[in-house]
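Colleague:
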Amino acid sequence: MPADPTALPEERTTGGLRARARPASLADAAARGARKGRDGMRSALGAITDRIIATAPRIPVRDLATLRAQFPGLTPEELADKLVAGACAGTATVGAGVGAAAMLPVPPAMPAELAAEVAGVASLEIKLIAELHEVYGLRPPGNATRRATAYLTSWAQERGIDLAAPASLGVALGGPVRRELRQQVMKRTLRTLPNLAPFLVGAAVGAFLNRRDTRKLAEKIRADLRRRQIPWDALP
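Residue numbering for the sequence shown is 6 to 241, as defined by my numbering.
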């Protein structure tokens, strides 16, 4: 029995519509996934930033007298070297933990473990920044909370605090400073993980990368502070 001559065009039309609809639906799904990923990343960065801000005023910072008592007989530069070495050792230990998370799907599915690691590194580096300001005689004015805000700004901008410039003291954590903090968190996270991914053993690499980044940060901060250093015998 001859086939209905109208069937083939109809089938072709239906098949063509299905074929065209399939890539369109895949594209829509990809777009939705990308939006969800961006939203998830934004949320994760905000949560880590909030944690760092909340922790900063509680970070134990040794004043100059305590540091000189713990490391007697050292010059300012020698004392600063000791502080940097200790901070690098600390962030390297944290970095070994980051290496274990390198094979996880990040971002946007940032694991809670990694968030804790990033916040931990930030706390160690903020403590280092605060104690370097003590060593160079440049403790910012105000109470512990106000000084913590200044050190947060210094960490986000990777610069030493200029006591002669009120804007650098970070009186309040407004929108611009929070954005800089989020950018620093994102930079430190994304700079580490893509480098770790090709390695099967991430712990040693994570330790190396954190040690390197902390040392680079310390070099930038110290270069700024040296230019404005107040000698110990000139301090009140």
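Built from N, CA and C at the ideal position, the CB exists for glycine as well.
Expressed to the nearest angstrom, what Euclidean distance is found between the alpha-carbon atoms of Arg220 and Ile134?
Modeller: One C-alpha to the other measures close to 11 Å.
Colleague: Taking DSSP as the reference, what is the three-state secondary structure of Val190?
Modeller: helix
Colleague: Would you kindly check if the distance between the Cβ of Arg227 and the Cβ of Ala85 is under 9 Å?
Modeller: yes
Colleague: Kindly list the residues whose CB is nearer than 8 Å to the CB of Val54, restricted to its own chain and excluding five residues on each side of it in sequence; keep chain order.
Modeller: Checking the sequence shown, residue 54 turns out to be Thr, not Val. Hits under 8 Å: Arg183, Leu186, Arg187 and Val190.
Colleague: Roughly how many angstroms separate the alpha carbons of Val99 and Pro236, rounded to a whole number?
Modeller: 34 Å
Colleague: From Arg193, Gln75, Thr80 and Gly51, pick the residue whose C-alpha is nearest to that of Trp160; which is it?
Modeller: Selected option, being the one with the closest Cα: Arg193.
Colleague: Does the segment 58 to 65 come close enough to the segment 144 to 153 that 3 or more CB-CB pairs lie under 8 Å?
Modeller: yes
Colleague: Could you tell me the alpha carbon to alpha carbon distance between Leu214 and Lys87, rounded to whole angstroms?
Modeller: Each residue's Cα considered, the two are about 20 Å apart.
Colleague: In the structure shown, what three-state DSSP assignment does Ala169 receive?
Modeller: coil
Colleague: Between the alpha carbons of Arg56 and Ala124, how many angstroms are there, rounded?
Modeller: Computed Cα separation, rounded: 7 Å.
Colleague: For Val111, which three-state DSSP category applies?
Modeller: A caution first: Val111 carries a pLDDT of 46, below 50, which makes its placement in the model too unreliable to give a value.
Colleague: Let me know if Thr154 comes out buried or exposed under the rule of 16 or more other beta-carbons within 10 Å of its beta-carbon.
Modeller: buried
Colleague: Return the CA-CA distance between Leu69 and Gly91, expressed in angstroms with no decimal places.
Modeller: 16 Å
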